[in-house]
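Numbering (my numbering), first residue to last: 78 to 179.
Since the structure comes first, as structure tokens, the remarks are kept for the end.
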């Protein structure tokens with residue numbers, strides 16, 4: 078049986094800039110879509126949120142959806158704190174070698 082993994086992630090356009098919270102079952106594909114602006118009318122395309130700042134993994138889709146909902150409803154400071162907890166330099170995590178080893 079294949080184990081499913083779901084991701085809640087935060088994209089940004091620049092340090093302390095605009096943030097976007099999303100959920101996906103294929104983070105590599107989804108980040109690529111954001112970076113290529115495949116959906117030109119989307120929030121991330123409009124505000125240039127094309128850098129991956131943070132992500133979490135979940136085994137169950139409902140847990141991921143609940144976490145996404147909580148983060149979207151939460152304050153900006155919480156999102157910044159999450160990014161800085163694993164990514165204090167605000168690097169684009171999708172450009173790090175370990176990201177692509179999935």
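All C-beta atoms in this analysis are idealised placements derived from N, C-alpha and C, irrespective of residue type, glycine included.
These numbers were taken from a predicted model, which means no experiment stands behind them.
Less than 7 Å between the beta carbons of residue 95 and residue 124, yes or no?
Taking the chain shown and counting its residues from 1, one reaches residue 95 at position 18. Taking the chain shown and counting its residues from 1, one reaches residue 124 at position 47. Yes, the Cβ-Cβ distance between residue 95 and residue 124 is below 7 Å.
Would you mind sorting residue 192 into buried or exposed? The rule is 16 or more other CB atoms within 10 Å of its CB.
The question about residue 192 has no answer here: the residues shown for the chain are numbered 78 through 179.
Please state the DSSP three-state secondary structure of residue 170.
Start at 1 with the first residue of the chain shown, and residue 170 comes out as number 93. Three-state DSSP puts residue 170 in a helix.
Expressed to the nearest angstrom, what Euclidean distance is found between the alpha-carbon atoms of residue 179 and residue 152?
In the chain shown, the residue the question calls residue 179 occupies position 102. In the chain shown, the residue the question calls residue 152 occupies position 75. Residue placement at residue 179 cannot be trusted, given a pLDDT of 49 that sits under 50; the coordinates are not used to answer.
Enumerate, from N- to C-terminal direction, the unbroken beta strand (DSSP E) stretches of 3 or more residues contained entirely within the region 120-153.
128-135
Can you confirm whether the region 84-103 touches the region 157-175 when touching is taken to mean that 3 or more C-beta pairs between the two stretches lie within less than 8 Å?
yes
Quick one: Cα of residue 98 to Cα of residue 174, how far?
Residue mapping note: residue 98 aligns to position 21 of the chain shown, counting from 1. Residue mapping note: residue 174 aligns to position 97 of the chain shown, counting from 1. In a straight line, the C-alpha of residue 98 is about 22 Å away from that of residue 174.
Would you kindly check if the distance between the Cβ of residue 115 and the Cβ of residue 171 is under 7 Å?
Walking along the chain shown from the start, residue 171 turns up at place 94. Walking along the chain shown from the start, residue 115 turns up at place 38. No; because the gap between Cβ atoms is not below 7 Å, this pair is not in contact.
Span of the alpha helix (DSSP H) around residue 82
Taking the first residue of the chain shown as position 1, residue 82 is located at position 5. Where residue 82 is concerned, there is no enclosing alpha helix (DSSP H), given that its DSSP letter is neither H nor E.
Along the beta strand (DSSP E) that carries residue 99, what are the first and last residues, could you check?
Taking the chain shown and counting its residues from 1, the one referred to as residue 99 is at position 22. 96-101 is the extent of the beta strand (DSSP E) around residue 99.
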